[in-house]
Every structure is written in structure tokens, then in C-alpha cells.
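Each remark here refers to the structure printed beneath this line.
Numbering (the numbering used here), first residue to last: 7 to 403.
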């Protein structure tokens, strides 16, 4: 059951386990780790814990949280920042193992809030961090990232946007995941080519547009000087992965991992062409436009209430329910992105009809138990795209 190294560690780890339990009435020492192999979980959970540590008030019981990380992590830069800001030590792994093995140690395990909720900030721990102070970059890291951007044509102060569109290339190519069948995630994939008109529109507004990702199937077929296909850049790096999302002026995403960096650093975020609807980033500054669902036998689009009754997280469940998944068209994506940019600039004007539709939408959402279970608190700046509400005339029936 245990490796030789783990068994040997018992000589010093077991006495420590009994010691930290003995002193619990005075000092509560908790041990834990993060799911560091998956970006979304690693980023969200570590940020959650950092904010808790920064904002927690004095309690009668003094609490010390210790962590360990696996040797392999999904992003070296984020691992560095976590180690700089949290108490991360390799030896904690063995205290954690033996504390779990010996009955009676549940109070000494740190099950951080985001992890227990699927890494969703349902308690607005991150969303209510009004100062939005977050783990900082070293000055040399800042300069390295800016130097790279300048080499691609960016000028200091120029706004830039990160566009992250999920396909299955990463999980299907990463050695760590090859043993798994990830086809059940296919419903989350999109075609980057349908985003190109929206990217070119943003580029025409003077923004630098970066197509993000570590491994992607298709290149962006655009020659616009303001569009950078970062996913295919040979000099991309883990530092840039984090810094760009942390500092972008807009993040447009199909909700996949690294976009959580933009979330925790309070970057305006648009979740588009994603499923299920209830997975929206309701705790932050976000605009949301999910994929359409249609009944297979009639080709009729599902209403919001029907969508809420068919929230699945695998492709087969949609098939078994007789539901087709419909990706947004180039026109719909571009229209929604234009709305997003105008909202961020503060020039979007909601019509009286749009205001009524938004009110009706939130009345339905907040009365739905499935939605509220997944989104216990809703940030004041969370919105569903008005473009969706007008494109899908029967959505609110």
C-alpha cells in the first residue's frame, strides 16, 4: 500500500501527527494539497486559500495551514507563486499521508472551500475581495513578459485581450492524460475559426488579440497584424500563460482552466459557447453566452427552463436526453463580443425591452434550485448576454 519511502517517513511523521493533534486546543495545524495537475482547480483553489489567509480575522484558535505539491504541476510559474505565498513544503506530504491513515485526524486536514465546491467560488470569497489584491509577480517577471509582448508589436499601455477556445488537443496529447478517454468532454469543444471575425473586429479597435492555449489543433487563419496566435508560438512559456491572463483587458473563454487567472485577478471575462449554463462564473465580473440546446426530434431550441432541467457534464447524457448541442455561429460570436467590449468601455445602452428580459431571466434563474445550488451568491456584475436574449426569442418562455 505504501512505498518504501513513505513507510520510512513514518519514523518521523507519525510522532508529528500525534503532536499536532495534542496541541489542537491551542494551535490548529492543518495539512493539505491542491489538484496541481489541472489548471482550473490549481489556480482557483490556491487563490481561494490565499485570500482566506489574507482576510481572515483573529480567532480564539490559532490556525496554521501547511501544504505540499506534486513534483509535476500543470504550470511551473503558478507553482512558484503558490510556493512564494503559501506555506508549501515537500515534507508535509508525509504528515498528510500518515494523518489520513491514523484515525482521528479529520480536523487537521485543510479541505479548502473552493475544492469542496468543485473549485467554484460559490461563497464569493474571491468575488467579494473588493481590493482584488492577488499574488504579485516579481519585477523581473513583469519585465520579461512585457519584453515578449513588445517583440510581438505591442506598445506599453496598449490594451490586449486573451481568447481561449477549448478543443481536445491538450488532454489528448499530454502524456499524463493519454490513458484516459476524454470523449465525454467533447460537448465543451469549439472551432477557433468561428471566432476569427470577432478577433479581427477587436483587432480593428486597436487591441492586441492573443489566441491562448498550450496545445491546439488549428491555427488562426488571419493575417491581421494585431492578432497573435500565441498557442503556436515557439517562445510561449508558463510565465506568459499566467501573466497574460492576469493582466489582459478582456478575457474571452469557453471556460477551460487558465481563464481562472483572469477571474481571480478581476479581469473582465466573457464565457461564451460553453456548457452547462449553470457553470457560469456567477461570482465575478462576467458576461455569459452558453451554447444552444435543441430537441433532436423537432429541432426546436430549448427554453431557459428546459435548459435548467437538462444540465449535463458529459456528451452521452445529452444524446440520451434527445438533445443536440448547437455551437454559436460566427455572427453570434461576433455580436456577443461587440456587446462585451461596449459593456467594458461603458458605452453599452440597454433598451427598455432588454432590461425587462434581463429581469425576467434572473427571476427564472434565482427561483431554480439547481442553479442556486451551483451559484449560491451572484456578483452584481454577472450578466447573461443581451445578444442571446434577443437572438433566442423563446428563451424566456
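We put the CB at the ideal spot given by N, CA and C, even for glycine.
Residue i - containing alpha helix (DSSP H), residue span
i, result
"residue 353", "Segment: none, residue 353 is in no alpha helix (DSSP H) and carries neither H nor E."
"residue 68", "Unbroken run through residue 68 is the beta strand (DSSP E), 68-74; no alpha helix (DSSP H)."
"residue 90", "82-91"
"residue 378", "375-380"
"residue 271", "No alpha helix (DSSP H) holds residue 271; DSSP gives it neither H nor E."
"residue 145", "145-157"
"residue 100", "98-107"
"residue 263", "From DSSP, residue 263 is part of no alpha helix (DSSP H); its letter is neither H nor E."
"residue 16", "10-28"
Boundaries of the beta strand (DSSP E) in which residue i is found, first to last residue
i, result
"residue 409", "Not covered by the structure: residue 409. The range shown for the chain is 7 to 403."
"residue 435", "Residue 435 is absent from the model: the chain starts at 7 and stops at 403."
"residue 36", "33-39"
"residue 166", "166-170"
Beta-carbon proximity check, residue i vs residue j, cutoff 8 Å
i, j, result
"residue 350", "residue 274", "yes"
"residue 170", "residue 259", "yes"
"residue 6", "residue 342", "Nothing can be reported for residue 6: it is not among the residues displayed for the chain, which extend from 7 to 403."
"residue 105", "residue 23", "yes"
"residue 198", "residue 294", "no"
"residue 114", "residue 248", "no"
"residue 42", "residue 75", "yes"
"residue 9", "residue 100", "no"
"residue 363", "residue 329", "no"
"residue 340", "residue 207", "yes"
"residue 164", "residue 347", "no"
"residue 46", "residue 266", "yes"
"residue 56", "residue 92", "yes"
"residue 140", "residue 271", "yes"
"residue 398", "residue 307", "yes"
"residue 175", "residue 205", "no"
Assumed close pair residue i, residue j - CB separation to whole angstroms, cut-off 8 Å
i, j, result
"residue 402", "residue 361", "Residue 402 to residue 361, Cβ: 13 Å. No contact."
"residue 154", "residue 34", "About 43 Å; that fails the 8 Å criterion."
"residue 345", "residue 392", "6 Å"
"residue 98", "residue 37", "5 Å"
"residue 331", "residue 193", "5 Å"
"residue 213", "residue 251", "With 8 Å as the limit, residue 213 and residue 251 do not qualify as a contact, their Cβ atoms being about 15 Å apart."
"residue 383", "residue 289", "7 Å"
"residue 404", "residue 172", "Within the shown structure, residues of the chain are numbered from 7 to 403, placing residue 404 beyond reach of any answer."
"residue 388", "residue 321", "About 27 Å; that fails the 8 Å criterion."
"residue 102", "residue 39", "7 Å"
"residue 168", "residue 254", "4 Å"
"residue 116", "residue 71", "5 Å"
Closer than 8 Å to chain C by CB, residue i
i, result
"residue 241", "Of the protein chains in this structure there is only one, and it is not chain C."
Within the segment 189-253, note down every full alpha helix (DSSP H) run reaching 4 residues or more, in order along the chain. 202-210 and 244-253
Would you say the segment 47-61 touches the segment 230-237, given that touching needs at least three Cβ pairs under 8 Å? no
In the segment 275-338, which residue ranges form an unbroken beta strand (DSSP E) of at least 3 residues, counting only runs that do not cross its ends? 275-278, 292-295, 298-301 and 329-332
Does the segment 78-88 touch the segment 296-312, meaning 3 or more C-beta pairs lie closer than 8 Å? no
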